[in-house]
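Going line by line, the protein sequences match chains A and B.
Quick note on numbering: the first sequence equals residues 10 to 197 in the working numbering.
Quick note on numbering: the second sequence equals residues 10 to 197 in the working numbering.
Note that CB positions come from ideal geometry on N, CA and C, so glycine has one too.
Number of protein chains: 2
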Amino acid sequence: MSDMTSAADEAIIEATLDLLAEGSTVEALSIEAIATRAGVGKATIYRRWPGKDALLLDALRRLKGIVPQPTGHSVRDDLVLLVGAVGHNIDPRAAKIMPCLVPEVNRSPDHFQLYQNIIEPRRQLMREVLRRGIRTGELRADLDVEVTMALLTGPMLMQRMLRWHPELDERILPEKVVDGVLEGSRAR
Amino acid sequence: MSDMTSAADEAIIEATLDLLAEGSTVEALSIEAIATRAGVGKATIYRRWPGKDALLLDALRRLKGIVPQPTGHSVRDDLVLLVGAVGHNIDPRAAKIMPCLVPEVNRSPDHFQLYQNIIEPRRQLMREVLRRGIRTGELRADLDVEVTMALLTGPMLMQRMLRWHPELDERILPEKVVDGVLEGSRAR
DNA sequence: ACGATACGATACGGTTCCGTATCGAAACTG
DNA sequence: CAGTTTCGATACGGAACCGTATCGTATCGT
Numbered sequence: 010m011s012d013m014t015s016a017a018d019e020a021i022i023e024a025t026l027d028l029l030a031e032g033s034t035v036e037a038l039s040i041e042a043i044a045t046r047a048g049v050g051k052a053t054i055y056r057r058w059p060g061k062d063a064l065l066l067d068a069l070r071r072l073k074g075i076v077p078q079p080t081g082h083s084v085r086d087d088l089v090l091l092v093g094a095v096g097h098n099i100d101p102r103a104a105k106i107m108p109c110l111v112p113e114v115n116r117s118p119d120h121f122q123l124y125q126n127i128i129e130p131r132r133q134l135m136r137e138v139l140r141r142g143i144r145t146g147e148l149r150a151d152l153d154v155e156v157t158m159a160l161l162t163g164p165m166l167m168q169r170m171l172r173w174h175p176e177l178d179e180r181i182l183p184e185k186v187v188d189g190v191l192e193g194s195r196a197r
Numbered sequence: 010m011s012d013m014t015s016a017a018d019e020a021i022i023e024a025t026l027d028l029l030a031e032g033s034t035v036e037a038l039s040i041e042a043i044a045t046r047a048g049v050g051k052a053t054i055y056r057r058w059p060g061k062d063a064l065l066l067d068a069l070r071r072l073k074g075i076v077p078q079p080t081g082h083s084v085r086d087d088l089v090l091l092v093g094a095v096g097h098n099i100d101p102r103a104a105k106i107m108p109c110l111v112p113e114v115n116r117s118p119d120h121f122q123l124y125q126n127i128i129e130p131r132r133q134l135m136r137e138v139l140r141r142g143i144r145t146g147e148l149r150a151d152l153d154v155e156v157t158m159a160l161l162t163g164p165m166l167m168q169r170m171l172r173w174h175p176e177l178d179e180r181i182l183p184e185k186v187v188d189g190v191l192e193g194s195r196a197r
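Now the structure itself:
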């Protein structure tokens, strides 16, 4: 028996992600379509996963990108880095897939948990950068960290996952968001 | 011939919204289920709409809430009002339904257009409040209006549609978001 | 080289939903 | 009140997919 994962496993998961990235919805995704795409018999899939949900959870785990590493120099620059990483994955398919998962995350506790497991480390990183800024005096002492995280990540998620503000340039948006939140809108 | 909409139309659309609000996804929604729920024959539905998509678009139009009216006194208070209305609809079913539509809006130009038609008046309202603030000197003269709108609406959408930050109280969030964006996070 | 295993393909019965057709009852029309 | 239309219900053939079973082949360990 080989200790490496059989090639079929890989093909099945890749086919799943490909189909999702091509626009198939989670529930429109059929085992038969995955099997055909992977060049695999249906039975091979059922031999490994009890059903579509389990396969999907395994496939989505592959999308988890790397967590960025703040430099620790400037709070502003670290925030730009982290905000730029919101909703940003190495796998280009992720950008297409993630919006389709919104209903699933709202419905299924398993998907919600998977989602939380992926983003919580990044949230913790941003939390620490904000606390560091408060400690060093770069940020207001009375800052509400949770609300500030929402201010920073909300606009990026809206842009990356929902693509709802066509007029915003995604490349420079992280800088604009961070600077906007840092400086505030009120005249002085 | 009566000039009022037949009662069947209403029952069909209500049944559609009810089923969606109960957690059915857009594509899991079947004409047969709608017909049964509405106490109507399938043929009655096909007599009025060519298919599921057209029915769905008509049904979703019903969810469009009223556009809030800024008072024009304080820019801050007007923003709190508008931000509080983001993702907020009169019909309580809307809160359940909207997250399920994210994939549809990304996929179908029709749904995207419908969505834009609903939110664009509200966005325009917020744009005008921000411009008024710049004019009266309440807001910075060099404010990027589009980015600021993203800062204000992004966090609320994340909270209302994805229910992402469980620790944030949704009732006071609009105030916190507006004040956070207005005042900025940088110490001074 | 050979026996065990895992594989791809395919067939199967069962289920759900599609979109159409039909039919008697009920509701309008004049 | 009779004629016409619309309705709810139901039946139908077709399609897609489920999860299982089977079968001949290719791969792998020894």
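Using a CB distance below 9 Å, the part of the stretch 32 to 55 of chain A facing chain B consists of Gly32, Thr34, Val35, Glu36, Ala37, ordered along the chain.
Excluding five sequence positions before and after Asp100(A), the CB atoms of its chain that fall closer than 6 Å to its own CB belong to Leu72, given in chain order. For Asn126(B), the enclosing alpha helix (DSSP H) covers residues 118 to 145. Taking each of Thr145(B), Leu148(B), Leu134(B) in turn and checking the Cα distance to Thr162(B), the smallest one comes out for Leu134(B). Looking at the DSSP output, Leu148(B) bridges to Arg195(A).
In this structure, Leu171(A) lies near Pro108(A), with their beta-carbon atoms less than 8 Å apart. The three-state secondary structure of Thr80(B), taken from DSSP, is coil. Below 8 Å, enough C-beta pairs join the stretch 87 to 101 of chain A and the stretch 154 to 169 of chain A to call them touching: three or more. Nearest in C-alpha terms to Trp173(A), of all of Arg144(B), Glu147(B), Asn126(B), is Asn126(B). Proximity of Arg131(A) to chain B, defined by a Cβ-Cβ separation below 8 Å, is not satisfied. Distance from the CA of Glu176(A) to the CA of Tyr124(B), rounded to the nearest whole angstrom, comes to 16 Å.
Fewer than three pairs of CB atoms, one per stretch, sit closer than 8 Å, so the stretch 138 to 153 of chain B makes no contact with the stretch 136 to 146 of chain A.
Look at the stretch 66 to 91 of chain B: it has no residue with a C-beta under 8 Å from a C-beta of chain A. Chain order gives no chain B residues near Asp62(A), where near means a beta carbon separation below 7 Å; the closest approach is about 14 Å. The C-alpha of Leu91(A) lies about 47 Å from the C-alpha of Trp58(B). Straight-line spacing of the CA atoms in Glu184(B) and Arg195(B) works out to 19 Å. Taking CB atoms only, Asn115(B) has a neighbour in chain A less than 8 Å away. Short of 8 Å from the beta carbon of Met158(B), and not among the five residues preceding or following it, lie these beta carbons of its own chain, in chain order: Arg132, Met135, Arg136, Leu139.
Using a CB distance cut-off of 8 Å, Asp100(B) does not count as an interface residue toward chain A. Closer than 8 Å to the CB of Met135(B) there is not a single CB belonging to chain A. Annotated three-state conformation of Ala94(A) is coil, per DSSP. Of all alpha-carbon atoms in Ala24(A), Ile54(A), Ala103(A), Gly193(A), the one lying nearest the alpha-carbon of Ile75(A) is that of Ala103(A). Excluding residues up to 5 positions away in sequence, Arg85 lie with their Cβ nearer than 7 Å to the Cβ of Leu191(A) in the same chain. Among the residues of chain A, none has a CB under 8 Å from the CB of Ala103(B); the nearest is roughly 14 Å distant. The residue from Asp119(B), Ile21(B), His120(B), Thr145(B) with its alpha-carbon nearest to that of Arg56(B) is Ile21(B). Judged by DSSP in its simplified three-state form, Gly48(A) adopts coil rather than helix or strand. Beta-carbon to beta-carbon, Ala24(A) and Ala52(A) are separated by about 15 Å, too far to satisfy the 8 Å threshold. For Asp18(A), the enclosing alpha helix (DSSP H) starts and ends at 16 to 30. Pro79(A) sits buried, since 16 or more C-beta atoms from the chains shown fall within 10 Å of its C-beta.
The Cβ neighbour count for Thr145(B), taken over all protein chains shown within 10 Å, is under 16; the residue is labelled exposed. The C-beta of Gln168(A) comes closer than 8 Å to at least one C-beta of chain B. About 5 Å separates the beta carbon of Leu88(A) from that of Val187(A), a gap short enough to meet the 8 Å contact definition.
Within chain B, the residues whose beta carbon sits less than 7 Å from that of Ser194(A) are Leu148, Arg149, Leu152, Thr157, Val190, Leu191, listed in sequence order. Cα atoms of His120(B) and Lys61(A): separation of roughly 27 Å, rounded to the nearest angstrom.
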